[in-house]
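The sequence shown begins at 6 in my numbering and counts up one residue at a time.
Working notes for the structure below.
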Amino acid sequence: MRIVFIGPPGAGKGTQSVRLAEELGVTCLSTGEVLRQARSEGGEVGRLIGEYLDAGQLVPDKLVVELVAERLAQADCEKGYLFDGFPRTLPQAEALDELLSQRQAPLELAFEFVISEDELFRRLSKRGRDDDQEETIRERLRQYAELTDPLTEYYDLRGILRKIDAVGDFDEVYRRLQEAIWSH
Ligand code: AMP
Numbered sequence: 006m007r008i009v010f011i012g013p014p015g016a017g018k019g020t021q022s023v024r025l026a027e028e029l030g031v032t033c034l035s036t037g038e039v040l041r042q043a044r045s046e047g048g049e050v051g052r053l054i055g056e057y058l059d060a061g062q063l064v065p066d067k068l069v070v071e072l073v074a075e076r077l078a079q080a081d082c083e084k085g086y087l088f089d090g091f092p093r094t095l096p097q098a099e100a101l102d103e104l105l106s107q108r109q110a111p112l113e114l115a116f117e118f119v120i121s122e123d124e125l126f127r128r129l130s131k132r133g134r135d136d137d138q139e140e141t142i143r144e145r146l147r148q149y150a151e152l153t154d155p156l157t158e159y160y161d162l163r164g165i166l167r168k169i170d171a172v173g174d175f176d177e178v179y180r181r182l183q184e185a186i187w188s189h
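Spelled out as C-alpha cells, the structure:
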C-alpha cells in the first residue's frame, strides 16, 4: 500500500505510522526523522536544515523532495510505504505525484489526523523535543495551517482522503486507521 499521513505536529502521526507500517509490511518514512538525522551529520546542509528545524519552519521543498526521491528509489519502497509528514506543501504533493506517475504507482490513501489546537499544545508541551518550545510550537502550527492544511482538499478532490479523529488513546486511534484501511 502507498499511504501518506497529514496532520499537525503532536497529532500522533509518528507513533501510529511505525505500528501501521509494520502491520502492513511497508516501509515507514518520516521526513522529520530524516531531516533530524541529516542535521546531526553536520556539514553545510546539516547546518542549514538545523536552522529551519529550530525556527519551526518547513525546510525548502527542493531539499525535502530530493531526499524523498532518493529514498523512493531504494528497493524497500517497492513493497509500498507510509510517509509520515510528507508531503507538507502543495508543491511537495505535486512533486510526489510526478515521481509516482513515473512509476505508475499512485497514492492510495491520505490520512488526515484531526485534533484541536488546545489538545496539541497539551501534548507537545509534555513531549520535550528540541523544537517543542512554546514559540516554536506556535510557528509550526501556523505553518501547518498555512501550507499543509490545503493538501487535504487536494487529496479529497481525488477521493483518497480519510479523516481520522486523533483524540483518544493510542489503541483507539489505531483502530480507526485499521477500519479505514479495511473499508478501502
Ligand atoms: P516532524 O518530525 O514531522 O514533526 O517534523 C519536524 C520538522 O522537520 C518540521 O517542523 C519541519 O521543520 C521539518 N520537516 C519535516 N517534514 C518536512 C517536509 N515534508 N517539508 C518541510 N519540512 C519538513
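We treat Cβ as the ideally placed atom computed from N, Cα and C, and that holds for glycine.
Worksheet item: Hey, would you say residue 13 sits closer than 8 Å to residue 112, going by beta carbons?
Response: no
Worksheet entry | Assumed close pair residue 170, residue 181 - CB separation to whole angstroms, cut-off 8 Å | 6 Å
Worksheet item: Should residue 91 and residue 141 be called a contact, given that it needs their Cβ atoms to be closer than 8 Å?
Response: no
Practice prompt. Below 8 Å on the Cβ atoms is my guess for residue 51 versus residue 43; work out the distance and round it to an integer in Å.
Written response: 6 Å
Discussion item. Whole angstroms are fine: how far does the CA of residue 123 sit from the CA of residue 129?
Written reply: 10 Å
Worksheet item: Assuming residue 104 contacts residue 77 under a Cβ cut-off of 8 Å, what Cβ separation, rounded to an integer in Å, is found between them?
Response: 6 Å
Worksheet item: In terms of residue numbering, what span does the alpha helix (DSSP H) encompassing residue 22 cover?
Response: 18-29
Practice prompt. Just tell me which of 166, 46, 39 has its CA closest to the CA of residue 114.
Written response: 166
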